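Read through the structure below, which is laid out as structure tokens, and then see the notes.
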Amino acid sequence: MVTKCIDPCEQQNQKRPVGHLVWDLIRISRYDKYNSFLALFSGVWSTLLAGALKLRNEPESTSVSFVLSRVVLCSLASYIFSGAGMVWNDWVDRDIDAKVARTKDRPLASGRLHTMEAMAWLIIQVAASTGLLYWMMEGRHVWISLVPPAIGTLLYPYCKRPTAQKFGIYPQYVLGLTAACPAVFGRAAIYNHEDSFQDLINASFPLCLFVFVWTLYFNTAYSYQDVKDDSKMKINSSYVFAGQHIHLFLVLLTGLVLASIPWVLHPLQSGWLWVSWMGVWSVGCAEQLVRFNANDPHTGGLVWRRNILLALWTIFACLVEVLLVWIHQI
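Just so you know, we're using our numbering here: the sequence shown kicks off at -11 and counts up by one.
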């Protein structure tokens, strides 16, 4: 008589309740955390800024309700696309994650989730995100707009390998590019019929640059939390480039972040945004740099959380700008 041997992990997956599977799918996409918020910030900011500009210059051609509806669509599309990117990242890094204290309990790294389940979930999210973008952008410039973030998402986990470091490539570069791309979606949500794709790129570039540098800054601090485990496995990250000068490196990046804000705000000519964005970010970034301690890697997590709060505040500030412009037009 032949007895079939069943892998313990496979046996566990076969018996697990549907609720456990659903929870693991939520976790692998980081929907239980605020990580995926990164993907929606630039799109929401861009939509609100473009909406405020159009309400001021062409009030008869748009409305607050239209702008807010585009904000919702852009948020959902970006958030879901980011969830798909998280699945891809965890699939590529599953063997590495299993050896790092902070990531060893992730669904794929721990073996609770099958590869096929993860890939099916990834495809569902990509399809949903693309469908929302088609709706929001009315079919124009969708595929060409998706190319950069798709390439960035695919390449990002591989940029953490030592080979990438030999070419001066760090994962934060690719992550910054991917996080900045939704700014084009946001601009297209408001000006898709008026602007060519090149016009959309030109108008979105200042915000894209801001988001790129900002992501480079806070993700360098965030990834510094894993410096001990990453060093053992020779994981590539921008803090490796900074070395012992990590604090000075973050100061320089903060300077670039703050220097790029005026370029973003110039077309709006808004005193409110200068105070609520430039002013608040200047104070917030200074506070982060004071509290960051290179000898305590966990303070990198504090920088990350503070930046999430700054980003959420900026959504509120941009929303207020839209309402102020609308009230002025009444």
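The beta carbon of each residue, even a glycine, is placed where N, CA and C say it ideally should be. Note that the coordinates shown come from a computational prediction; the quantities given were computed from them, not determined experimentally.
- Per DSSP, glutamine 213 lies in no alpha helix (DSSP H) segment and is marked neither H nor E.
- Two segments are said to touch when three or more pairs of C-beta atoms, one from each, lie closer than 8 Å; by this definition the region 143 to 154 does not touch the region 2 to 13.
- Fully contained in the region 166 to 196 are the following alpha helix (DSSP H) runs of length 4 or more, in chain order: 170 to 179.
- For valine 313, the closest of Val32, Ile14, Leu13 and Leu36 by C-alpha to C-alpha distance is Leu36.
- Counting along the chain, no alpha helix (DSSP H) covers tyrosine 146, and no H or E run does either.
- Excluding five sequence positions before and after leucine 165, the CB atoms of its chain that fall closer than 6 Å to its own CB belong to Gly140, given in chain order.
- Beta-carbon to beta-carbon, leucine 277 and leucine 238 are separated by about 6 Å, close enough to satisfy the 8 Å threshold.
- Distance between arginine 279 and glycine 288, taken at the CA atoms: about 9 Å.
- C-alpha of cysteine 273 to C-alpha of valine 263: approximately 15 Å in a straight line.
- For threonine 103, the secondary structure class from DSSP, reduced to helix, strand or coil, is helix.
- Here serine 184 is exposed, its C-beta having fewer than 16 other C-beta atoms within 10 Å.
- The region 257 to 313 is shown to contain no whole beta strand (DSSP E) run of 3 or more residues.
- With contacts defined by Cβ atoms closer than 9 Å, alanine 40 and serine 211 do not form a contacting pair.
- Excluding sequence positions up to five before and after serine 270, its CB lies within less than 7 Å of the CB of Leu246, all in the same chain and listed in chain order.
- Burial check for phenylalanine 304: the Cβ neighbour count within 10 Å stays below 16, so the residue is exposed.
- When secondary structure is reduced to three states using DSSP, serine 51 falls in the coil class, being assigned neither helix nor strand.
- In this structure, DSSP gives threonine 91 a state outside helix and strand, which the three-state scheme calls coil.
- Serine 248: member of the alpha helix (DSSP H) spanning 234 to 253, first to last residue.
- Around the C-beta of aspartate 20, fewer than 16 other C-beta atoms lie within 10 Å, and the residue is accordingly described as exposed.
- Of the candidates His286, Val252 and Ile16, His286 places its Cα closest to the Cα of glutamine 213.
- Around the C-beta of threonine 208, 16 or more other C-beta atoms lie within 10 Å, and the residue is accordingly described as buried.
- Rounded to the nearest whole angstrom, the C-alpha separation of asparagine 283 and histidine 129 is 47 Å.
- In the assembly as shown, leucine 253 is a buried residue. Its beta-carbon has 16 or more other beta-carbons within 10 Å.
- Annotation: alanine 106 to alanine 116 spans about 15 Å, alpha carbon to alpha carbon.
- The beta carbon of valine 201 lies closer than 8 Å to those of Gly164, Leu241, Leu244, Val245 and Ser248 in the same chain, with the five residues before and after it left out.
- Nearest to glycine 31 by C-alpha distance, out of Ile189, Gly174, Thr91 and Pro194, is Gly174.
- Restricting attention to Met124, Arg82, Asn23 and Trp123, the CA atom closest to the CA of leucine 297 is found in Asn23.
- Secondary structure at alanine 116: helix, using DSSP grouped into helix, strand and coil.
- According to the DSSP assignment, alanine 38 belongs to the alpha helix (DSSP H) that extends over 25 to 45.
- DSSP places isoleucine 84 in the helix class (H, G or I) of the three-state scheme.
- Approximately 6 Å separates the beta-carbon atoms of methionine 74 and isoleucine 16; this is inside 8 Å, confirming the contact.
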